């Protein structure tokens, strides 16, 4: 196992931990936290490929693609967290709960 | 304009800062153990016992009447009366306290003992540096620690002491006068008796001059 | 694979597991912050200085705090996780299955046999800035727009009409 | 004559680099397997020794200074001029009982002071305290500083929440709201410097400023945007470190002591230490960004070692903090938020615009004056407008007592 695949395994495990949390926890906030963890795992993949990938030594332009993508991803994750938590607050104010199993109004 | 007040305030505090180094009058703090403000005349905290003369045993004014012990609200005074008697300042034979204890950790400085004492034997002290490392024994004052000369009283409470002294001098004078009168009366009586005896002896009943007091 | 990488990976993964499995929400949030810190540490360990620090700044400084605030503002809705709940078991099973597939894919693909370079590729901050503002200027602007929209959207969503107290809560974020 | 001059400058150079030379000597003279340890220790130990020492000194100076501002003596009993007071304080806090509330969350309660102190120490890693004297050569040093600084918010929250005390929770929430609000102008005002210097590395920012025209240095504080940025930065820094007049999170009269009510003994001392360490760190960053770091204020004063200049500037900044603390009353929460979002944030943005204009205006002979005037106008006009806007609707009215005047 080389460093790259070690990083990828760690990222995969982190992703799965986030996935398990998002699927099994009933608090909406923790679901969001799980999604953040999954995004973090994806970022780790970007960084791993930037660090060890084949493109690393090719050209200065390509060499920074991984980094730049992680930066964008962090920005998107921050925006997602802000809007997601604002949504949770709004829902909480309406239903007095942020348990995802109880918010069933749109159920057919 | 925003910031104007801030600058004004900063200048004011800077002036205080510099001024406190230049002008000693600005610093109102009294550096306590080295320098201390004089206590006001009426300052008081815990009682002490007065004695006249030089001997704290012989001159102690207290006659062990127990009034202060009974009046003391927190009951911090403990007195044991003597069996024998000693003469007080006017020469009358009085009991004296064999034991006189005040627990100043209990005393509440109410001054009631001073108010009720008919013998001007107990007064309030000004001493306030009483800290001790012995929690129980150190603050239980016995007769020896409590007894202080009248001169001390005159020093700490001059006005009060003058008033007390004047009263006691008057009392002394009155007692002496009474004693003198009594003595004179006794002498006159004795003289009269002697005269009568003489007269009886001489058979001459001429009345003598009254002795003046 | 160095010792520091292993330690950081263990820290990150155990904190992540804790964050997803602890009964109290606040503990989850704190463990999540630790996991994010560990992830930032891994980035730093891999030589991505700027990204690692940005990760710390955004995730620990902002997202974790945001989550903590949200937990405190939605108090009383704390639902303790029942370990035997159906969703917990099925979620864990699904996640493990996904992990098995991913691990299998990683280990059998050409990636794990690839020769990796030992030197860290250059990533000076200035170069990142130049790349962002030349090659990726359009995505950057889009991200800026997205963040602005998210900011305004979050404020409007969290705005409580009646009491002015909510206004401050919305503003702080 | 020339020879003497060269010798003097050589000597000054030697003294300036004395710590660097010692460090190098010590590392090269240790056996190979221990080298990494020695080189780490030589970085960590001075930081762990110097700044807490400075903290001890500052506690006395602050109390004495505040005393003098209020026409008091301040501590003057322990040791000469009361200078040994911190030792007495340390002994006291070490021997005090460590009380932990029964309902507190033990682990988090225990970790909070440790986290806050360690993050406060980490921030010093990127502060250049002298020429070639920086712990870690990070290309993104400023980002590191702010990233580490943002971790203190979480530690504050941990302390406030784990104590199970409504005052500490309130204090923590106040602190976090305040820190997040003021982090924005703090970072934005330093972005102006980053734009001009073109780097995130504190070392290079200082090197950029350590040049002289004639005898005058190129400090950023001597430019319109730099001056405004410096004031904004230091104001935001005071708020970021919960320093008076922004010390609402620990307002004694309102919420007792904020998030560390339930801490006693040495843990409380750790909070106290962390607070001062943050003040030093952020002041040091302000010095690095705007006041030329370790560079001498006039070119011929460069014979004095650079680290002396850094610490002299730091002491001046601490003095100013004490002065401000002795002057201003505490703000109200709404005033605090209004100030952050309605004044500091727009001013920081305008400052960035001004820095950009400064950067791209040509630097010819005539343009020097013109550039100055234009940039000053960019700063002053919005300042006046904002100040007027803030003051509007803040007329002092006759207070109406709802309950007190009924009876």
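Residue numbers (this note's numbering), protein chains in the order written: chain A, 13 to 120; chain B, 8 to 220; chain C, 339 to 511; chain D, 288 to 694. Just so it is clear, CB atoms sit at the ideal spot from N, CA and C, and this is done for glycine as well. For clarity, every value in this text was computed on a predicted model and none was experimentally measured.
If you compare alpha carbons, which of the options is closest to residue i?
| i | options | result |
| --- | --- | --- |
| residue 567/D | 539/D, 333/D, 392/D, 410/D | 410/D |
| residue 569/D | 384/D, 397/D, 431/D | 431/D |
| residue 543/D | 526/D, 504/D, 455/D, 597/D | 455/D |
| residue 437/C | 81/A, 51/A, 23/A | 23/A |
| residue 327/D | 423/D, 337/D, 530/D | 423/D |
| residue 487/D | 528/D, 572/D, 672/D, 437/D | 572/D |
| residue 553/D | 341/D, 609/D, 376/D | 376/D |
| residue 356/D | 313/D, 333/D, 331/D, 609/D | 609/D |
| residue 440/D | 606/D, 469/D, 616/D | 469/D |
| residue 452/D | 555/D, 547/D, 335/D | 547/D |
| residue 59/A | 29/A, 119/A, 18/A | 18/A |
| residue 8/B | 690/D, 481/D, 669/D | 669/D |
| residue 80/A | 345/C, 358/C, 489/C, 471/C | 471/C |
| residue 306/D | 318/D, 333/D, 321/D | 333/D |
| residue 661/D | 674/D, 641/D, 605/D, 351/D | 641/D |
| residue 38/A | 65/A, 111/A, 118/A | 111/A |
| residue 549/D | 506/D, 417/D, 458/D | 458/D |
| residue 347/C | 358/C, 383/C, 366/C, 367/C | 383/C |
| residue 403/C | 432/C, 379/C, 366/C, 451/C | 366/C |
| residue 123/B | 95/B, 73/B, 115/B, 111/B | 73/B |
| residue 329/D | 340/D, 317/D, 339/D | 317/D |
| residue 538/D | 617/D, 365/D, 527/D, 480/D | 617/D |
| residue 408/D | 311/D, 492/D, 533/D, 563/D | 563/D |
| residue 95/B | 66/B, 30/B, 29/B | 66/B |
Given this structure, state the Cα-to-Cα distance separating residue i from residue j, to the nearest angstrom.
| i | j | result |
| --- | --- | --- |
| residue 666/D | residue 484/D | 20 Å |
| residue 57/B | residue 180/B | 20 Å |
| residue 153/B | residue 113/B | 15 Å |
| residue 101/B | residue 93/B | 5 Å |
| residue 333/C | residue 434/C | Absent from the structure is residue 333/C, since the part of chain C shown begins at 339 and ends at 511. |
| residue 382/D | residue 467/D | 36 Å |
| residue 626/D | residue 677/D | 8 Å |
| residue 90/A | residue 44/A | 11 Å |
| residue 323/D | residue 565/D | 28 Å |
| residue 72/A | residue 61/A | Low per-residue confidence applies at residue 72/A: pLDDT is 49, beneath 50, and the placement is therefore not dependable, though the value from the model is reported in the following sentence. When rounded, the distance between both Cα atoms is 15 Å. |
| residue 490/C | residue 16/A | 40 Å |
| residue 301/C | residue 394/C | Past the edges of chain C, shown from 339 to 511, lies residue 301/C, and the structure says nothing about it. |
| residue 385/C | residue 347/D | 43 Å |
| residue 106/B | residue 147/B | 12 Å |
| residue 314/D | residue 420/D | 15 Å |
| residue 471/D | residue 352/C | 32 Å |
How close, in whole Å, do the beta carbons of residue i and residue j come, if the pair is a contact with beta carbons under 8 Å?
| i | j | result |
| --- | --- | --- |
| residue 104/B | residue 86/B | 5 Å |
| residue 429/C | residue 32/A | 5 Å |
| residue 620/D | residue 359/D | Not a contact, Cβ separation roughly 30 Å. |
| residue 101/A | residue 469/C | Incorrect: roughly 37 Å between the Cβ atoms, too far for contact. |
| residue 364/C | residue 84/A | Not quite, the Cβ-Cβ distance comes to about 31 Å (not below 8 Å), so this is no contact. |
Who pairs with residue i in a beta bridge, going by DSSP?
| i | result |
| --- | --- |
| residue 304/D | Per DSSP, none; premise fails for residue 304/D. |
| residue 148/B | 109/B |
| residue 605/D | Paired residue(s): none; residue 605/D is not in a bridge. |
| residue 85/B | 108/B |
| residue 111/A | 39/A |
| residue 92/B | 102/B |
| residue 500/D | 503/D |
| residue 31/B | Paired residue(s): none; residue 31/B is not in a bridge. |
| residue 154/B | 56/B |
| residue 130/B | 55/B |
| residue 482/D | Answer is none; residue 482/D lacks a bridge partner. |
| residue 417/D | 420/D |
For the structure I just gave you, are there three or more beta carbon pairs, one from the region 289 to 304 of chain D and one from the region 587 to 603 of chain D, closer than 8 Å?
yes
Using a Cβ distance threshold of 8 Å, determine whether the region 557 to 567 of chain D contacts the region 502 to 522 of chain D, with at least three qualifying pairs required.
no
Counting pairs of beta carbons, one from the region 164 to 175 of chain B and one from the region 119 to 132 of chain B, are three or more of them closer than 8 Å?
yes
Touching or not, the region 489 to 505 of chain D and the region 637 to 655 of chain D, by the rule of three or more beta carbon pairs under 8 Å?
no
Pairing CB atoms from the region 599 to 616 of chain D with CB atoms from the region 19 to 37 of chain B, are three or more of them under 8 Å?
yes
Segment contact flag, the region 25 to 36 of chain B with the region 62 to 79 of chain B, C-beta cutoff 8 Å, min 3 pairs
no
Within 8 Å, do at least three Cβ pairs link the region 441 to 451 of chain D to the region 392 to 411 of chain D?
yes
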